[in-house]
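S.K.:
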C-alpha cells in the first residue's frame, strides 16, 4: 500500500465497462483523481467517451475549481523546448475533509485535501467511557479543530466530516441503532452533529470504513469485488461489489461478526449469544487467556497485554495457550469460508491496526477454509494488511471525500440536516 499523503492518487480505479452506470461527470472526475496526472486523450480512450465530450466536461471541472492542469513527469518529453506533457489532476485546494474514528479504546483522526493527501493526523488514547450524544459530538468537534490547527487551516475550509464507529449504523440517515461509544440507542448522530459542527457529517460502521480505506487507498483500488475482515475489539466485515460498498437494504447488512456459530453459546457484547465475534475478537481471546494464565478474577491487565502474555506462553510451548489461538483461527476459517460461499470475492483482506495477526498461520488458515468452503475451484487470494492505528480514520476521510465530491458535482443526496 502506498502511504496516504504521498501525493499520488486516491479512489477506486474504474475502467470503461465497470463505470458504465455512473454519471458522466463523476466518472471523469473520479478517474482523473484516481489516475492523474492524465491526458485528456487517455481519459477518453479508457472511459470510451468522445474526446470532445471529455474536453467540454473537464473544462467545466477546471472552472469549478475541482481539476487543474499539471506537468506529467511520468511521460517522455517530446516538446522541442523540453517542456513535460501536461495532464489533468484533482486540485488539492478545492476543499478539505476530516475523517474521525471513535471507539472505547481510542479516537483517531486525519485531515485530507480533495486529492486525498493527508495534511494532519491526531490520536487520543483512552479508554473512553460511553458518552451522551452532545458530549461525544463536542469531543469530535475538538478533534476536528485540533486537526485544522495542526495543518494551519480553518473551519471555513472544511467541507465535511466522515465519522466511523463500532455498532449498528445506518449511513443513509446518519442514525445509530446501537454503539458502545454512545449512551443511548436509536440516536440521530449525523443530523445532530451536522447542526452542531456546521458542516455535513456522514456516518458509517467502522468495518465498512475499513473496506472504504482499502478501496480508496489500499489493496482494493484495482479490484471490482473484495471483502475485508477486521479482528480487534470486535469482528468487522466490509464488502465491495462492483467498486461500491455493499450495505444491504436497510444499511445494517454484512455483520459477519454477529452471525451465529454456536446456539446458546458465549455472550457477545451485542447482548446475544453464539456470535462469531464472541469466539474471535480480542476480548474473547482475553477471556480465555485469563483462565489459561491463571489470572485472578479482579485486576486483569489491559486486553492487548493479556493477548501478548498468552502469545509468549504459546511460543514457549504451553498447550493451553496454543490451543486458544488454534481455536480462534478455526473460527476465523469458518467466518471466511462463509464469506466465500455467499459472495465468491476475488480477494479477501484481513485488515487492522493494533492487532498484528501474529497468531495466524496463513497456510493452515487456508487449509481449514477448504474444509468449510464449497469445492468449486481455487479459493480467493488472501492478504494480511496491517495499516496501523489511522486505518479507520482514512476510511472515514474517504467517506467524506465521496460525499463532498458528489455534492460538488450535483449528483449526491442532500446533505444531512
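Numbering (this note's numbering), first residue to last: 786 to 1202.
Beta carbons are placed, not taken as given, at the ideal position from N, Cα and C, and that holds for glycine.
Just so it is clear, the structure is predicted and the values come from calculations on it, not from any experiment.
When you compare only the Cα positions, how much space is there between residue 972 and residue 918?
M.R.: Their Cα atoms are separated by approximately 8 Å.
S.K.: Three-state secondary structure (DSSP) at residue 1044?
M.R.: Per DSSP, reduced to three states, the secondary structure at residue 1044 is coil, with no helix or strand assignment.
S.K.: Using a Cβ-Cβ cutoff of less than 8 Å, which residues in the same chain neighbour residue 998 once the five nearest sequence positions on both sides are dropped?
M.R.: 1136, 1172, 1176, 1177, 1179, 1180, 1183
S.K.: Grouping DSSP H, G and I as helix and E and B as strand, with all else coil, what is residue 976?
M.R.: helix
S.K.: For residue 1140, which residues in the same chain have their Cβ closer than 7 Å to its Cβ, ignoring the five residues on either side in sequence?
M.R.: Residue confidence for residue 1140 is low, a pLDDT of 49 falling below 50, so the modelled location carries little weight and cannot support an answer.
S.K.: Taking the beta carbon of residue 1019 as the centre, do at least 16 other beta carbons fall within 10 Å, making it buried, or is it exposed?
M.R.: buried
S.K.: So, for residue 1046: in the same chain, excluding its five sequence neighbours on each side, which residues have a beta-carbon less than 7 Å away from its beta-carbon?
M.R.: 1059, 1061, 1064, 1116, 1119
S.K.: Using C-beta distances below 8 Å, list every residue in its chain close to residue 916, excluding the 5 sequence neighbours before and after it, in chain order.
M.R.: 924, 966, 967, 968
S.K.: Count the other CB atoms, across all protein chains shown, that sit within 10 Å of the CB of residue 852; report buried if there are 16 or more and exposed otherwise.
M.R.: buried
S.K.: Give every residue of the same chain whose Cβ lies closer than 6 Å to the Cβ of residue 943, excluding the five residues on either side of it in the sequence, and list them in chain order.
M.R.: 881, 984
S.K.: Closer than 8 Å by C-beta to residue 758: which residues in its own chain qualify, once you throw out the five before and the five after it? Chain order, please.
M.R.: For the chain, the structure presents residues 786 to 1202; residue 758 sits outside this window and is missing.
S.K.: Helix, strand or coil for residue 910? Go by DSSP, reduced to three states.
M.R.: DSSP places residue 910 in strand when its eight states are reduced to three.
S.K.: According to DSSP, simplified to helix, strand and coil, what is residue 1177?
M.R.: helix
S.K.: When DSSP builds the beta bridges, which residues end up paired with residue 856?
M.R.: 871
S.K.: Under the rule that 16 or more other beta-carbon atoms within 10 Å means buried, what is residue 1000, buried or exposed?
M.R.: Residue 1000 should be labelled buried.
S.K.: Thinking residue 1132 and residue 1005 are a contact (beta carbons under 8 Å), I'd like their distance in whole angstroms, please.
M.R.: 7 Å
S.K.: Taking only three categories from DSSP, how would you classify residue 926?
M.R.: helix
S.K.: For the pair the stretch 898 to 909 and the stretch 927 to 944, tell me if three or more CB-CB distances fall below 8 Å.
M.R.: yes
S.K.: Mapping DSSP to helix, strand and coil, what is residue 1051?
M.R.: coil
S.K.: Comparing the C-beta of residue 845 with each C-beta of chain B, is any distance below 8 Å?
M.R.: No chain B appears in this structure, which consists of one protein chain only.
S.K.: For residue 823, I'd like the list of residues in its chain whose CB is within less than 7 Å of its CB, leaving aside the five on either flank, ordered along the chain.
M.R.: 817, 872, 873
S.K.: Output yes or no for whether 8 Å exceeds the beta carbon distance between residue 888 and residue 951.
M.R.: Yes, the Cβ-Cβ distance between residue 888 and residue 951 is below 8 Å.
S.K.: Residue 1107 and residue 1099 look like a contact to me (Cβ under 8 Å); what is the Cβ gap, rounded to whole Å?
M.R.: That belief holds up - the Cβ atoms of residue 1107 and residue 1099 are roughly 4 Å apart, short of 8 Å.
S.K.: Residue 990 lies in the alpha helix (DSSP H); which residues open and close that run?
M.R.: No alpha helix (DSSP H) holds residue 990; the beta strand (DSSP E) holding it covers 986 to 990.
S.K.: What residues are listed by DSSP as bridge partners for residue 898?
M.R.: Bridge partners of residue 898: 881.
S.K.: What is the residue span of the alpha helix (DSSP H) that residue 955 lies within?
M.R.: Residue 955 -> not in any alpha helix (DSSP H); beta strand (DSSP E) instead, spanning 953 to 955.
S.K.: State the CB to CB distance for the pair residue 825 and residue 836, rounded to an integer number of angstroms; the pair is presumed to be in contact (CB under 8 Å).
M.R.: 7 Å
S.K.: List the residues that DSSP assigns as beta-bridge partners of residue 1030.
M.R.: 1025
S.K.: Which residues share a DSSP beta bridge with residue 1016?
M.R.: 1020
S.K.: Could you check which residue in 929, 1161, 1007, 1085 has the C-alpha nearest to that of residue 979?
M.R.: The shortest Cα separation from residue 979 among 929, 1161, 1007, 1085 belongs to 929.
S.K.: Output needed for residue 900: all residues of its chain with C-beta closer than 6 Å, excluding positions within five of it in sequence on either side, in chain order.
M.R.: So the qualifying residues of the chain are 875, 877.
S.K.: Assuming residue 1167 is part of the beta strand (DSSP E), what are its boundary residues?
M.R.: 1166 to 1171
S.K.: What does the alpha-carbon distance come out to for the pair residue 849 and residue 827?
M.R.: 22 Å
S.K.: Kindly give me the distance between the Cβ atoms of residue 1014 and residue 1024, rounded to whole angstroms, as I take these residues to be in contact under 8 Å.
M.R.: That belief does not hold up - the Cβ atoms of residue 1014 and residue 1024 are roughly 10 Å apart, past 8 Å.
S.K.: Do you know whose CA, among 922, 953, 913, 898, lies nearest residue 938's CA?
M.R.: With distances taken between Cα atoms, residue 938 lies closest to 898.
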